[in-house]
Amino acid sequence: MQNRADLADRIRTYLTGADTRSIGWRVGAAFDAAAEERARLLQKREEATRELERLRRRRAELTDEEFEKREKEISRDRTEINRLIRNGIDDVPVIKFLTDKGVLPNYAFPEEGVKLTSILSRRNDSAKDEDGLLYLEYSRPASSALSEFAPGQFFYANGRQVQIERIEIGKEDLTAWTFCPSCSHVARRIEGAEARVCPRCGDEMWSDKITKSQQLHDRSRAL
């Protein structure tokens, strides 16, 4: 009976609590992260627009082939950014959004998972985007994505073979950590709140630069 009472208390806390383990906090954090991601994409789109303007001002310095190639690359990047904003944030149903973020159970649960975005040039009237391309997304746990979504690898799904060309990484995908060389204790670095010695063993090397490292968060996208 005691175990059932403890379980009931944990469920109640999860559903009605306000700490970082509660569903309310996790939902709010997911929406805050989406707002930050949207702002980042808008900034990238603006940077691409400015780059296109600079390219056009330098038109006389380039050959027709060089200009057209670079113009197509920038326009393709802007199209992809617009698609990510629209299909990845603005038009995503709330339940799917929370599922993709690991707040609700998904394929990669309890992780958020890593997404593969496959862009196919073959037209498909039932599933193509407004630019005439077919976009497909697949999600895998981070442990599987390390090998399945590595650049150069081939991924197979729904009767298709897709080669991974690149991984999209932004500054927000990197987190700073400190590693203790003596006891292997690891902690996330917070500017202005770092300890001078290891919290676990007291090693003074904790504050040395060689113990600092940046780690890639598993929410990056494979393309």
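Our numbering numbers the first residue of the sequence shown as 32 and each following residue consecutively. By construction, the Cβ of each residue, glycine as well, lies at the ideal position given by its N, Cα and C atoms.
- Linking E84 to E68 through their CA atoms gives a straight-line distance of about 25 angstroms.
- Note that the segment 59-79 touches the segment 104-119; at least 3 beta-carbon pairs, one per stretch, sit closer than 8 angstroms.
- Here the alpha carbons of F62 and A207 stand approximately 23 angstroms from one another.
- Apart from the 5 residues on each side of it in sequence, C232 sits with its Cβ closer than 8 angstroms to the Cβ of C211, S213, C214 and H216 in its chain, given in chain order.
- V134 sits buried, since 16 or more C-beta atoms from the chains shown fall within 10 Å of its C-beta.
- The segment 105-112 makes no contact with the segment 88-95; the number of CB pairs closer than 8 angstroms stays below 3.
- Here the C-alpha atom of M236 lies approximately 46 angstroms from the C-alpha atom of I126.
- Where Q194 is concerned, there is no enclosing alpha helix (DSSP H), although the beta strand (DSSP E) around it starts and stops at R191 to Q194.
- Note on geometry: alpha-carbon atoms of T80 and E97 lie some 18 angstroms from one another.
- CA-to-CA, the gap between W56 and D40 works out to about 17 angstroms.
- Cβ-Cβ separation between L129 and V228: approximately 40 angstroms, too far for a contact (criterion under 8 angstroms).
- Under the DSSP definition of a beta bridge, V123 lacks any partner.
- Counting along the chain, F98 sits inside the alpha helix (DSSP H) bounded by residues D95 to I116.
- The three-state reading of DSSP puts R197 in coil, since its state is none of H, G, I, E or B.
- Of the other Cβ atoms in all chains shown, fewer than 16 fall within 10 Å of the Cβ of K103; this residue is therefore exposed.
- Spanning the alpha carbons of E168 and K146 requires a straight line of approximately 6 angstroms.
- Y45 places its beta carbon less than 8 angstroms from that of R52.
- Of all alpha-carbon atoms in S106, L177 and A176, the one lying nearest the alpha-carbon of E77 is that of S106.
- DSSP places R219 in the uninterrupted beta strand (DSSP E) bounded by V217 to R219.
- Beta-bridge annotation (DSSP): V145 is paired with R171.
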